[in-house]
Amino acid sequence: MTETSIPAPRRGVPIWAQIIIWVFLVGLLVIVALGLRRAQQGTVQPGQVIDNFTLPLFSGYELDGKSEVHLTDLRGKVVVINFWASWCKPCEQEAAEMQQAWLEYEPTGQVVFLGADYVDTEPEARVYLKKFGITYPNGPDLATRISQYFRIKGVPETYFIDQDGVLKYVQVGPFSSIDQIRAQIDPLLK
Amino acid sequence: MKVVYIPKLLVAAFLALSLAFLASPAPAQGPTPTDDEVNRIAKQLYCPVCESTPLDVCPTEACRQWRDLIRTMLADGKSEEEIKQYFVTQYGVRVLDEPPNRVLTYLVPGVAILLGGLLLLRGFQMWMKPSGTGTAAVENQPAQDPYVARLEEELKKQK
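Chains as they are written, first to last, in this note's numbering: chain A, 82 to 271; chain B, 25 to 183.
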């Protein structure tokens with residue numbers, strides 16, 4: 082009887098399994114990293130082309146008789162999108178100025194105001210709209226899709242998009258005067 | 025004695041009105057739901073504005089409005105599932121305290137952790153063993169050396 086020294090076969094995880102596991106783990110890390118990065122990002126930045134979104138509109142607050150508005154349909158116009166909520170006290174500070182500005186720019190046909198009602202209930206939203214006499218198109222930000230796209234940090238926030246769909250200015254917090262609103266719209270009008 | 029005749033037309037009108045009243049549908053709203061009934065649903069929801077605070081104990085105005093809405097919907101006869109679905113449609117799936125697709129939500133990280141653990145374990149095992157120097161006793165294997173083979177044969181004969 083003899084004992085012969087021979088190299089033991091190396092048994093390990095098959096290479097294909099290792100690749101799958103590593104790809105899976107790296108993918109998981111990438112997802113976590115992207116989530117953290119997104120959480121630390123601010124709102125979308127001026128200069129960015131805004132992707133199309135659809136805002137359903139409350140009845141009585143339609144745009145040209147349509148019950149929903151698509152951003153791409155508004156190419157060629159300056160779009161002012163204002164995020165607000167009825168429970169938001171700072172929103173009340175600018176509500177009158179926003180409506181006043183809308184009345185000023187609506188006849189030109191070159192500017193569209195959109196109100197996106199954020200995390201709100203419709204009955205309360207309607208009370209708010211009536212209270213401040215708001216007439217420009219307004220609707221709920223369903224499933225907070227639009228506000229998530231813009232990565233809003235709170236309400237009110239207002240985004241000014243030019244005729245080519247490029248974001249030009251972001252107002253975080255309420256406007257204190259109509260001149261502030263004019264100062265953003267007028268340079269965009271050709 | 026004076027007899028007062030009631031016109032037949034008047035009687036018919038009275039009967040018709042009575043029937044119409046009896047046949048009218050009951051109001052859609054039921055009794056006002058209690059706070060407990062509202063909170064039973066509210067505690068399963070989270071307002072995106074006040075993250076990590078369940079709706080039933082959230083003190084903000086937005087949450088108060090949501091609770092009022094739940095109360096209205098309960099009074100309208102909506103079921104718990106219908107109310108939760110409404111909130112998901114309006115405000116997104118993140119309002120739920122538990123994600124709807126539990127299997128995937130818990131399975132994916134679970135599998136990832138398990139695979140990662142196995143990989144680490146295997147790595148440690150390989151790290152602890154000296155690599156490439158392992159030996160194995162091979163018994164009853166014919167010797168390659170003819171001298172050894174012959175020696176073994178001789179030994180067998182002597183036994």
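We put the beta carbon where it would ideally sit given N, CA and C, even for glycine.
N-terminal and C-terminal residue of the beta strand (DSSP E) that residue i is part of
i: K170 (chain A); result: First-last for K170 (chain A): K170 to Y186, but that is the alpha helix (DSSP H), not the beta strand (DSSP E).
i: A166 (chain A); result: Where A166 (chain A) is concerned, there is no enclosing beta strand (DSSP E), given that its DSSP letter is neither H nor E.
i: Q252 (chain A); result: L248 to V253
i: I262 (chain A); result: Where I262 (chain A) is concerned, there is no enclosing beta strand (DSSP E), although the alpha helix (DSSP H) it sits in stretches over I259 to I266.
i: I242 (chain A); result: E238 to I242
i: P221 (chain A); result: N219 to P221
Minimum Cβ-Cβ distance from residue i to chain B less than 8 Å
i: A294 (chain A); result: Only positions 82 to 271 of chain A appear in this structure, which leaves residue 294 (chain A) out of reach.
i: F105 (chain A); result: yes
i: T225 (chain A); result: yes
i: G128 (chain A); result: no
i: V200 (chain A); result: yes
i: L131 (chain A); result: Note that residue 131 (chain A) corresponds to Ile in the displayed sequence, not to Leu. So, not an interface residue.
i: L210 (chain A); result: no
i: P237 (chain A); result: no
i: I102 (chain A); result: yes
i: P221 (chain A); result: yes
i: G93 (chain A); result: yes
i: L109 (chain A); result: yes
Whole-angstrom C-beta distance between residue j and residue i, which should lie under 8 Å
i: P171 (chain A); j: D201 (chain A); result: In fact, because the Cβ distance is near 14 Å, the residues do not count as touching under 8 Å.
i: P248 (chain A); j: V159 (chain A); result: The sequence shown places Leu at residue 248 (chain A), not Pro. Contact doesn't hold; Cβ gap of about 11 Å is too wide.
i: D115 (chain A); j: A136 (chain B); result: In the sequence under discussion, the amino acid at residue 115 (chain A) is Leu, which differs from the Asp named in the question. Not quite, the Cβ-Cβ distance comes to about 16 Å (not below 8 Å), so this is no contact.
i: G273 (chain A); j: V130 (chain A); result: Because chain A spans 82 through 271 in this model, residue 273 (chain A) falls outside it and cannot be assessed.
i: S167 (chain A); j: A206 (chain A); result: 5 Å
i: V236 (chain A); j: W165 (chain A); result: 5 Å
i: I242 (chain A); j: A182 (chain A); result: The Cβ separation is near 15 Å, so there is no contact.
i: G37 (chain A); j: Q180 (chain A); result: Since the displayed chain A opens at 82 and closes at 271, residue 37 (chain A) lies outside it and no answer follows.
i: T124 (chain A); j: Y115 (chain B); result: Their Cβ separation, rounded to whole angstroms, is 20 Å, which puts T124 (chain A) and Y115 (chain B) out of contact at 8 Å.
i: T216 (chain A); j: I162 (chain A); result: Actually they are not in contact, since the Cβ atoms of T216 (chain A) and I162 (chain A) sit about 16 Å apart, beyond 8 Å.
Range covered by the alpha helix (DSSP H) that runs through residue i
i: A66 (chain B); result: D59 to A66
i: P204 (chain A); result: E203 to K212
i: E106 (chain B); result: E104 to Y115
i: Q319 (chain A); result: The structure shown does not extend to residue 319 (chain A), since chain A is modelled only from 82 through 271, so no value can be given for it.
i: L179 (chain B); result: P170 to Q182
i: Q191 (chain A); result: No alpha helix (DSSP H) holds Q191 (chain A); DSSP gives it neither H nor E.
i: L98 (chain B); result: E85 to A99
Proximity test, Cβ basis, 8 Å: residue i and chain A
i: W151 (chain B); result: no
i: L143 (chain B); result: yes
i: L120 (chain B); result: no
i: Y70 (chain B); result: no
i: G116 (chain B); result: yes
i: G140 (chain B); result: yes
i: T58 (chain B); result: no
i: R91 (chain B); result: no
i: V73 (chain B); result: yes
i: R146 (chain B); result: yes
i: A136 (chain B); result: yes
i: A47 (chain B); result: In this predicted model, A47 (chain B) has a pLDDT of only 49, less than 50, meaning its place in the structure is not dependable; the value taken from the coordinates is given anyway. No, A47 (chain B) lies away from the interface with chain A (no Cβ there is under 8 Å from its Cβ).
i: L79 (chain B); result: no
i: E178 (chain B); result: no
i: E85 (chain B); result: yes
i: T113 (chain B); result: yes
i: P51 (chain B); result: Legend: pLDDT at P51 (chain B) = 47, less than 50; position of this residue unreliable, value from coordinates given subsequently. It does not; no Cβ of chain A falls within 8 Å.
Neighbour flag for residue i against chain D, beta carbons, 8 Å
i: Q109 (chain B); result: Among the protein chains in the structure shown, which are A and B, there is no chain D.
Residue i CB to nearest heavy atom of the ligand ZN below 7 Å
i: K211 (chain A); result: Absence of the ligand ZN is noted for the structure shown, with no ligands found whatsoever.
Item to check | At least three beta-carbon pairs within less than 8 Å, the segment 56-65 of chain B to the segment 191-199 of chain A | outcome: no
### Task
Just list the beta strand (DSSP E) runs in the segment 86-159 of chain A, keeping only unbroken ones of 3 residues or longer that don't cross its boundaries, in chain order.
135-137 and 149-151
Evaluate the contact criterion for the segment 228-239 of chain A versus the segment 149-159 of chain A: three or more CB pairs, one atom per stretch, below 8 Å.
-> no
Check whether the segment 165-179 of chain A and the segment 124-139 of chain A touch, using three or more Cβ-Cβ pairs below 8 Å as the test. no
(message) Taking contact to mean 3 or more Cβ pairs, one atom from each stretch, closer than 8 Å, check whether the segment 59-70 of chain B and the segment 87-99 of chain B are in contact.
(response) yes
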